[in-house]
Amino acid sequence: MKANPSLLIKLLFDLGLWTVAAVLAYAFRKPSMLSSGIPSNVWGYVLISMVVMSLIAWYYHLPRQVWQRVGTLDLLVLARVVVITTLIMFATGFFLQEWLQLPRSVPLLAGVLGFLMMGGIRLATRLMNEQVRRQVAGPQQRVLIVGAGDAGSLIAREMQRHPEAGLLPIGFLDDEPSKQRQRVVGLTVFGQVEDLVAIAQREGAQEVLIAVPSATGDFVRRVVDLAHQAHIRHRIIPGMFEILNGTVSINQIRDVNLEDLLRRPAVRLNTDEIAGYLRGRVILVTGAGGSIGSEIVRQIAAFTPSTILLFGRGENSIFSIQQELSRTWPEIKQIGLIGDVRDETRLSAVFREYRPEVVFHAAAHKHVPLMEQSPSEAILNNVIGTRNVVDLCLEYGVTRLVNISTDKAVNPTSVMGASKRVAEMVVSAGAARTRETQSFVSVRFGNVLGSRGSVVPTFMAQIRAGGPITVTHPEMVRYFMTIPEAARLVLQAGGLAENGKVYVLNMGAPVKISDLAHDVIRLSGAQNVDVVYSGIRPGEKLYEELLTNGEGTATTTHSEIFSAKLGKVDPGTILEQLRLLYTHAQENDAVAIRSDLAQMIPENKFGSIR
Numbered sequence: 003m004k005a006n007p008s009l010l011i012k013l014l015f016d017l018g019l020w021t022v023a024a025v026l027a028y029a030f031r032k033p034s035m036l037s038s039g040i041p042s043n044v045w046g047y048v049l050i051s052m053v054v055m056s057l058i059a060w061y062y063h064l065p066r067q068v069w070q071r072v073g074t075l076d077l078l079v080l081a082r083v084v085v086i087t088t089l090i091m092f093a094t095g096f097f098l099q100e101w102l103q104l105p106r107s108v109p110l111l112a113g114v115l116g117f118l119m120m121g122g123i124r125l126a127t128r129l130m131n132e133q134v135r136r137q138v139a140g141p142q143q144r145v146l147i148v149g150a151g152d153a154g155s156l157i158a159r160e161m162q163r164h165p166e167a168g169l170l171p172i173g174f175l176d177d178e179p180s181k182q183r184q185r186v187v188g189l190t191v192f193g194q195v196e197d198l199v200a201i202a203q204r205e206g207a208q209e210v211l212i213a214v215p216s217a218t219g220d221f222v223r224r225v226v227d228l229a230h231q232a233h234i235r236h237r238i239i240p241g242m243f244e245i246l247n248g249t250v251s252i253n254q255i256r257d258v259n260l261e262d263l264l265r266r267p268a269v270r271l272n273t274d275e276i277a278g279y280l281r282g283r284v285i286l287v288t289g290a291g292g293s294i295g296s297e298i299v300r301q302i303a304a305f306t307p308s309t310i311l312l313f314g315r316g317e318n319s320i321f322s323i324q325q326e327l328s329r330t331w332p333e334i335k336q337i338g339l340i341g342d343v344r345d346e347t348r349l350s351a352v353f354r355e356y357r358p359e360v361v362f363h364a365a366a367h368k369h370v371p372l373m374e375q376s377p378s379e380a381i382l383n384n385v386i387g388t389r390n391v392v393d394l395c396l397e398y399g400v401t402r403l404v405n406i407s408t409d410k411a412v413n414p415t416s417v418m419g420a421s422k423r424v425a426e427m428v429v430s431a432g433a434a435r436t437r438e439t440q441s442f443v444s445v446r447f448g449n450v451l452g453s454r455g456s457v458v459p460t461f462m463a464q465i466r467a468g469g470p471i472t473v474t475h476p477e478m479v480r481y482f483m484t485i486p487e488a489a490r491l492v493l494q495a496g497g498l499a500e501n502g503k504v505y506v507l508n509m510g511a512p513v514k515i516s517d518l519a520h521d522v523i524r525l526s527g528a529q530n531v532d533v534v535y536s537g538i539r540p541g542e543k544l545y546e547e548l549l550t551n552g553e554g555t556a557t558t559t560h561s562e563i564f565s566a567k568l569g570k571v572d573p574g575t576i577l578e579q580l581r582l583l584y585t586h587a588q589e590n591d592a593v594a595i596r597s598d599l600a601q602m603i604p605e606n607k608f609g610s611i612r
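Okay, here's the thing in structure tokens:
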């Protein structure tokens with residue numbers, strides 16, 4: 003291995019400064035030495051000190067420090083080297099006092115002077131390097147940073163060290179009273195966030211950077227609105243851990259925190275009673291590879307069931323959740339099962355072999371426009387598949403069945419919504435035939451932020467493509483929840499175990515899709531992305547509902563969950579209607595399917611868009 007000349011040069015430079023420090027320390031204690039010449043005992047002390055310093059410096063890799071990037075940790079290493087060398091020289095002076103005639107304070111003075119000179123040359127080199135790079139980089143964008151905490155100071159230091167990014171931090175804004183007028187990494191905390199407009203104009207800021215990774219959506223919107231008033235650009239840094247592990251850079255926009263978009267606090271459900279019906283049980287999840295199904299699986303695993311049966315027809319998605327479980331919960335037995343809920347023979351074989359005790363039925367088609375074009379598929383998957391699951395749960399004595407439904411099942415205008423309403427009726431009819439130890443329920447919730455094909459991932463993809471974001475109608479509103487919220491509701495519904503109930507989550511006020519689109523643009527830090535309107539698609543409503551006109555709600559033991567008061571479902575009637583619907587689906591008779599659904603669901607809104 004070739005020697006690196008720069009290491010030797012830096013070591014010699016340090017030794018030269020250390021020598022000067024030692025001589026100056028002697029001269030400070032004995033000023034007469036400067037006029038009479040340096041005696042031999044001083045040179046002896048200097049020589050010994052250089053040898054000790056070179057050995058300690060090499061041991062602690064001091065020459066390997068990159069002076070152009072020197073930081074606090076580098077100076078701490080330098081301090082350690084100086085302290086150890088100083089202590090050794092102090093001991094040497096004690097044992098060789100007769101020859102060296104060493105004043106006791108010389109090693110201490112030499113250590114202080116040596117640290118100041120060696121540390122100073124490193125800092126000077128770094129500052130000169132940054133200045134040169136800043137001049138080469140050209141004009142800098144003046145950046146006002148919101149948040150003077152760990153994230154803000156980290157990003158400010160990174161801007162200072164990397165002028166090639168074209169960003170010059172000029173100061174901070176922070177709502178913490180104790181930070182006002184303080185200096186962080188050499189920059190002033192000018193004031194609070196509400197002062198943004200005035201301070202931006204006074205300091206000539208060209209951009210505001212939100213460096214509060216834990217900021218709520220309301221806080222971000224507030225800062226963004228103030229930035230718009232000040233007519234300056236705004237951006238949001240990613241999370242701290244993403245910065246530290248190098249997965250993002252200061253130039254990137256962050257992924258939108260989905261909980262920011264809810265415009266309400268995320269629901270946190272009480273999970274104490276959930277453990278009782280999950281721990282040690284064999285649990286089947288249909289559609290286990292989907293967005294909701296896979297999150298249900300993740301949350302089930304925390305309650306240590308004996309076995310999780312992962313049932314779905316997409317082999318890649320089932321394989322993916324299997325691998326994730328193997329990494330995160332290796333002690334839990336899990337079995338991947340490829341199959342289709344429409345295939346009663348395959349489904350029956352699974353029940354017969356594994357005897358599930360709890361079933362979460364998440365397998366379904368969910369896209370409204372696609373099901374308008376393929377109504378037979380909606381019936382076969384969403385209705386007949388649910389019938390198969392219910393029948394087998396009855397046959398094999400499953401203690402809990404939780405069916406995943408949707409707000410689109412309420413006063414449905416689409417085939418997909420109608421198919422999910424009928425699926426609720428199938429579960430209710432099954433509940434009327436259960437034993438005392440069994441409980442069959444449905445869970446009805448709104449749009450799930452972040453699920454496959456849902457609106458937020460679609461918006462983010464459009465932003466990354468440069469825009470525009472497409473929204474169907476400026477007045478379209480929806481209820482929203484996050485994937486973890488949806489999964490928690492499903493598990494909680496199984497814990498409530500009121501047979502035949504349909505549970506509804508309190509999701510707050512509905513949100514306009516156009517407002518959501520603008521929130522995604524702002525929270526992502528994107529610039530110059532327009533929102534355009536494409537028109538309502540077949541089967542879509544302007545306004546979603548959580549209850550039909552004839553339904554009311556009753557409270558449950560959980561303040562955020564209600565049960566819908568449904569009309570009675572006659573098992574004999576619905577079974578006959580299902581046979582006819584199944585026949586028309588097999589014949590792919592779309593007109594007959596719509597007619598059947600209209601008869602089964604009197605409150606339907608087919609043919610009218612509200």
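The numbering of the sequence shown is the numbering used here, which starts it at 3 and goes up by one. Glycine is no exception: its CB is placed at the ideal position from the N, C-alpha and C atoms. The structure displayed is predicted, hence computed values, not measured ones.
Considering only residues of the same chain and omitting the five flanking positions on each side of residue 121, which have a CB-CB separation below 7 Å?
Residue mapping note: residue 121 aligns to position 119 of the sequence shown, counting from 1. Contacts found: 77 and 80.
Compute the Euclidean distance between the alpha carbons of residue 346 and residue 289, then round it to the nearest angstrom.
Here residue 346 is taken as the residue at index 344 of the sequence shown, counted from 1. Here residue 289 is taken as the residue at index 287 of the sequence shown, counted from 1. Residue 346 and residue 289: Cα-Cα distance of roughly 15 Å.
Quick one: which unbroken alpha helix (DSSP H) runs of 4-plus residues sit fully inside the stretch 286-319? Chain order, please.
Whole alpha helix (DSSP H) segments, 4+ residues: 293-303.
With distances taken from CA atoms, which of 168, 129 and 163 is nearest residue 142?
Within the sequence shown, numbered from 1, the residue matching residue 142 stands at position 140. Minimum Cα distance to residue 142 is reached at 168.
Of all the options 63, 25, 522 and 30, which has the alpha carbon lying nearest to the alpha carbon of residue 45?
By 1-based counting over the sequence shown, the position of residue 45 is 43. Answer by Cα proximity: 25.
Take residue 464 and list the residues in its own chain whose beta-carbon comes closer than 6 Å to its own, dropping the five residues that flank it on each side.
Here residue 464 refers to the residue found at position 462 when the sequence shown is read from its first residue. Taken in chain order, the residues that qualify are 471.
Residue span of the beta strand (DSSP E) that contains residue 535, given as start and end:
In the sequence shown, the residue the question calls residue 535 occupies position 533. 533-535 is the extent of the beta strand (DSSP E) around residue 535.
Got a sec? Which residues, its chain only, sit under 6 Å from residue 355 by beta carbon, not counting five neighbours each side?
Position 353 of the sequence shown, counting from 1, holds the residue named residue 355. So the list is empty, once near-sequence residues are dropped.
Is the closest heavy atom of the ligand COA to the C-beta of residue 464 under 7 Å?
For the ligand COA, the structure offers nothing, since it holds no ligand at all.
Would you call the stretch 390-400 and the stretch 301-319 in contact, with 3 or more CB pairs under 8 Å?
no
Identify the continuous beta strand (DSSP E) that holds residue 335 and give its terminal residues.
On the sequence shown, residue 335 is found 333 positions in, with the first residue counted as 1. Run containing residue 335: 335-340, per the beta strand (DSSP E) assignment.
Does residue 336 pass the burial test, meaning 16 or more other C-beta atoms within 10 Å, or should it be called exposed?
Your numbering for residue 336 matches position 334 in the sequence shown. Burial of residue 336 is indicated by the presence of at least 16 other C-beta atoms within 10 angstroms of its C-beta.
Using alpha carbons as the reference points, say which of 162, 441, 184 and 96 lies closest to residue 359.
Within the sequence shown, numbered from 1, the residue matching residue 359 stands at position 357. The shortest C-alpha separation from residue 359 is found at 441.
Range of the contiguous beta strand (DSSP E) that encloses residue 430
Within the sequence shown, numbered from 1, the residue matching residue 430 stands at position 428. Unbroken run through residue 430 is the alpha helix (DSSP H), 417-433; no beta strand (DSSP E).
Residue 70 (DSSP reduced to helix, strand or coil)
As a working note, residue 70 is residue 68 in the sequence shown. Collapsing the DSSP output to three states places residue 70 in a helix.
List, from N- to C-terminal side, the beta strand (DSSP E) runs of 3 residues or more that fit wholly inside the stretch 129-194.
143-148, 169-175 and 189-193
Just checking my contact of residue 370 with residue 416 at CB under 8 Å: how many whole Å lie between their CB atoms?
Residue numbering aside, residue 370 sits at position 368 when the sequence shown is read from its first letter. Residue numbering aside, residue 416 sits at position 414 when the sequence shown is read from its first letter. Sure, about 5 Å apart at Cβ, within 8 Å.
Buried or exposed: residue 570, going by 16 or more other Cβ atoms within 10 Å of its Cβ?
Position 568 of the sequence shown, counted from the start, is the residue given in the question as residue 570. Exposed, by the Cβ-count rule.
Check whether the stretch 295-306 and the stretch 279-287 touch, using three or more Cβ-Cβ pairs below 8 Å as the test.
yes
Bridge partners of residue 405, per DSSP?
For the purposes of this step, residue 405 is identified with residue 403 of the sequence shown, where counting begins at 1. Residue pairing for residue 405: DSSP places it in a beta bridge opposite 363 and 444.
Reduced DSSP category for residue 237 - H, G, I as helix; E, B as strand; rest coil:
Indexing the sequence shown from 1 puts residue 237 at position 235. Three-state result, residue 237: strand.
Here's the rule: buried if 16 or more other CB atoms are within 10 angstroms of the residue's CB, otherwise exposed. What is residue 11?
The residue you call residue 11 lines up with position 9 of the sequence shown. It is exposed - the Cβ of residue 11 has fewer than 16 other Cβ atoms within 10 Å.
Beta-ladder partner(s) of residue 209, from DSSP
Taking the sequence shown and counting its residues from 1, one reaches residue 209 at position 207. DSSP output for residue 209 lists 145 and 235 as bridge partner(s).
Secondary structure of residue 633, DSSP reduced to three states:
Because the chain in this structure spans residues 3 to 612, residue 633 falls outside the shown range and cannot be described.
Within the same chain, show all residues whose beta-carbon is closer than 7 Å to that of residue 199, passing over the 5 residues directly before and after it, in chain order.
For the purposes of this step, residue 199 is taken as residue 197 along the sequence shown, with counting starting at 1. Its chain contains 228, 231 and 232 as the residues whose beta carbon lies nearer than 7 Å to that of residue 199, once the 5 sequence neighbours on both sides are disregarded; these appear in chain order.
Mapping DSSP to helix, strand and coil, what is residue 471?
In the sequence shown, residue 471 corresponds to position 469, counting from 1. In the structure shown, residue 471 sits in a strand (DSSP, three-state: E or B).
By Cβ distance, which residues of its chain are closer than 6 Å to residue 499, with the 5 residues on each side in sequence left out?
Position 497 of the sequence shown, counted from the start, is the residue given in the question as residue 499. Excluding residues within five positions, the ones whose Cβ falls inside 6 Å are 441.
For the candidate residues 49, 413 and 430, whose alpha-carbon lies nearest to that of residue 503?
Counting from one through the sequence shown, the residue named residue 503 turns up at place 501. Of the candidates 49, 413 and 430, the one whose C-alpha sits nearest the C-alpha of residue 503 is 430.
Should residue 20 go down as buried or exposed, given a rule of 16 or more other Cβ atoms within 10 Å for buried?
Counted from its first residue, the sequence shown places residue 20 at position 18. Classification of residue 20: buried, given that the 10 Å Cβ count is 16 or more.
When the Cα of residue 54 is compared with those of 580, 342, 386 and 93, which residue comes out closest?
As a position in the sequence shown, residue 54 is number 52, starting the count at 1. Considering only alpha carbons, the answer is 93.
Measuring only between beta-carbons, confirm whether residue 122 sits less than 8 Å from chain B.
Here chain B cannot be found, since the structure has a single protein chain.
Beta-carbon within less than 7 Å of residue 341's beta-carbon, same chain only, minus the 5 sequence neighbours each way: which residues are those?
Mapped onto the sequence shown, residue 341 falls at position 339. Same-chain partners within the cutoff: 313, 315, 348, 349 and 352.
In terms of alpha-carbon separation, which member of 47, 421, 492 and 435 lies closest to residue 447?
On the sequence shown, position 445 is the one that residue 447 refers to. For residue 447, the closest alpha carbon among the candidates 47, 421, 492 and 435 is that of 492.
Cβ-based neighbour list, residue 51, same chain, cut-off 6 Å, excluding 5 preceding and 5 following:
Translated into positions along the sequence shown, residue 51 becomes position 49. For residue 51, where only same-chain residues beyond five positions count, the Cβ hits under 6 Å are 24 and 91.
Pairwise C-alpha distance: residue 178 and residue 157
On the sequence shown, residue 157 is found 155 positions in, with the first residue counted as 1. On the sequence shown, residue 178 is found 176 positions in, with the first residue counted as 1. Each residue's alpha carbon lies about 19 Å from the other.
So, with DSSP's three-state summary, where would you put residue 352?
Locating residue 352 in the sequence shown gives position 350, counting from the first residue. Here residue 352 sits in helix by DSSP.
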